[in-house]
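Only one structure is covered here, and it is reproduced in the block below.
Numbering (the working numbering), first residue to last: 9 to 190.
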């Protein structure tokens, strides 16, 4: 975190709305990526980002600049997304209709259709992970966070963070193995 960002954060913590607006402009794209990768829905991701920035505005005075501001925002966003996913999961438990998936011989598909199918299968595999596994995997492999940062964002120990990422990768490998074998 640079000196300019520290000044902007300090100004925002004192109630400077323009300073906070600058922080929103600087970080909204990254927060959207995090929310979208967790929820896989653009409109929901936008809602989560908006909710996350409201929470950040309310809590910016609590930010102590001991960790990166980006990690702090990611933690808020991940928590908001996980809250949404938990609510959605509870709502889905009351619905009885299951989506039907067609099984197609992958070798018979033209290349572009096969790529689309692989992407859909990978998305379904990601959605089958627990919220914590999905968040840890996404933060590590899509956002490039360190194990320590992921542990802070998800409120885990470093070892638990490593284990969560390992489990997520293993589950993804198993889920995608049939696609890789063809």
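Backbone N, C-alpha and C fix where the C-beta goes; we use that ideal spot for every residue, glycine too.
These figures come from a predicted structure and were not determined experimentally.
query	result
Residue 181, buried or exposed, once every other Cβ within 10 Å from all chains shown has been counted against 16	exposed
Integer-rounded CB distance, given that residue 172 should sit under 8 Å from residue 184	Not quite, the Cβ-Cβ distance comes to about 18 Å (not below 8 Å), so this is no contact.
Whole runs of the alpha helix (DSSP H) within the region 14-68, excluding any shorter than 4 residues	25-47 and 50-67
Coil, strand or helix - residue 76 by DSSP	coil
Beta-carbon gap between residue 35 and residue 161 smaller than 7 Å	no
For residue 167, three-class secondary structure by DSSP	helix
Burial state of residue 174 (16 or more Cβ within 10 Å)	exposed
For residue 167 and residue 38, the rounded distance between their alpha carbons	26 Å
Cβ-Cβ distance between residue 155 and residue 136 below 7 Å	no
Test item: CB-CB of residue 90 and residue 151 under 7 Å	no
Residue 12 beta carbon near the ligand FMN (any heavy atom closer than 6 Å)	In the structure shown, the ligand FMN is absent, as is every other ligand, since no ligand is present at all.
Residue environment, residue 147, which counts as buried when at least 16 other CB atoms sit within 10 Å	buried
Close-in-space but distant-in-sequence residues of the same chain around residue 193 (CB under 7 Å, 5 per side omitted)	Coverage of the chain is limited to positions 9 through 190, which leaves residue 193 absent and any answer about it impossible.
Residue 86 and residue 143 closer than 7 Å at C-beta	yes
Neighbourhood of residue 88 by C-beta distance below 6 Å, restricted to the same chain and skipping five residues each side	56, 59 and 60
Distance, residue 41 Cα to residue 25 Cα	24 Å
Proximity below 7 Å, CB of residue 20 to CB of residue 12	no
Exposure label - residue 64; buried when at least 16 CB within 10 Å	buried
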